[in-house]
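Numbering (the numbering used here), first residue to last: 43 to 242.
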C-alpha cells in the first residue's frame, strides 16, 4: 500500500473496507465535528455501517468513479479526503474531505487536496476540479482559496441536513490554472494550516 508523507508526522493512504474497525473508532471521535459537513458520518455508527461506507467508495474506485483516502497523524486515523465524483471521460471531478479536531490546524487537508488535484490533472487529464461547501464552513472555503480555486456561484438551498436546507458554494479549479500553481503546491509546506472542510 502506498503512503504519501504530508509532513508533521502525517501520511495520506488509501482507506479501504478492511479498515472498518479503525474507521469506526475515528468516526466516534469525529462525528460531532464533521457530521454537519459530511452527513455520512452519522451513518457510520457500527461496524457494519462503517464497512458499508468504505465499501461504497471501494465500489466507486472499481468503476473509476471515485476514491477514498485516509489521513493518519502519528499512526492514528484523523481524517480523510476523497474524490466524491470522478469522470475521466468528461474531464471533471469533485473533491471532499473531513478532519477530526485532533488533526486540525496543521494544513493537512490543504496538502492532501493538493496531491489529489495534481494527480487528477497531471496523470488523469482532468480539466475541472470542483469543491462544494456550505456557506457556513469557513475552513472549507479557506482550503479552496489556498488551492487557487475560484468561486463559481451559490446553489441556493441545495443541501438538506436534518430537515433544514442550506446554500452550497461551488468552487472550481481548471487544469490550466493548476499548471501555474503546481510547483508550489507540491511543497508540503506551501500552504497555511487549515481545518475541516468539504462535503459529500
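Built from N, CA and C at the ideal position, the CB exists for glycine as well. Since we're looking at a predicted model, the values are computed, not measured.
Cβ neighbours of residue 112 in the same chain (closer than 7 Å, five flanking residues each side left out):
55, 57, 119 and 122
Residue 129, DSSP secondary structure in three states
strand
Neighbour-count burial assignment, residue 47, 16 or more Cβ in a 10 Å radius
exposed
So, does the stretch 164 to 172 touch the stretch 122 to 140, judging by three or more C-beta pairs under 8 Å?
yes
Are the stretch 189 to 200 and the stretch 151 to 162 touching, with three or more C-beta to C-beta distances below 8 Å?
yes
Measuring alpha carbon to alpha carbon, tell me which residue in 84, 100, 63 and 114 is nearest residue 125.
100
Less than 8 Å between the CB atoms is what I'm expecting for residue 62 and residue 53, so what's the real figure, rounded?
Between residue 53 and residue 62 the Cβ distance is about 19 Å, and since that is not below 8 Å, they are no contact.
Straight-line Cα distance separating residue 165 from residue 223
16 Å
When burial is assigned at 16 or more other CB atoms within 10 Å of the CB, is residue 185 buried or exposed?
buried
Suppose only complete runs of 3+ residues qualify. What are the beta strand (DSSP E) ranges in the stretch 93 to 144, listed by chain order?
109 to 115, 118 to 129 and 134 to 141
C-alpha gap between residue 180 and residue 157, whole angstroms:
22 Å
Using the C-alpha atoms, what's the distance from residue 78 back to residue 198?
17 Å
Relative to the alpha-carbon of residue 159, which residue among 143, 65, 146 and 127 has its alpha-carbon at the smallest distance?
127
For residue 182, which beta-bridge partners are listed by DSSP?
According to DSSP, which records beta bridges pairwise, residue 182 is partnered with nothing at all.
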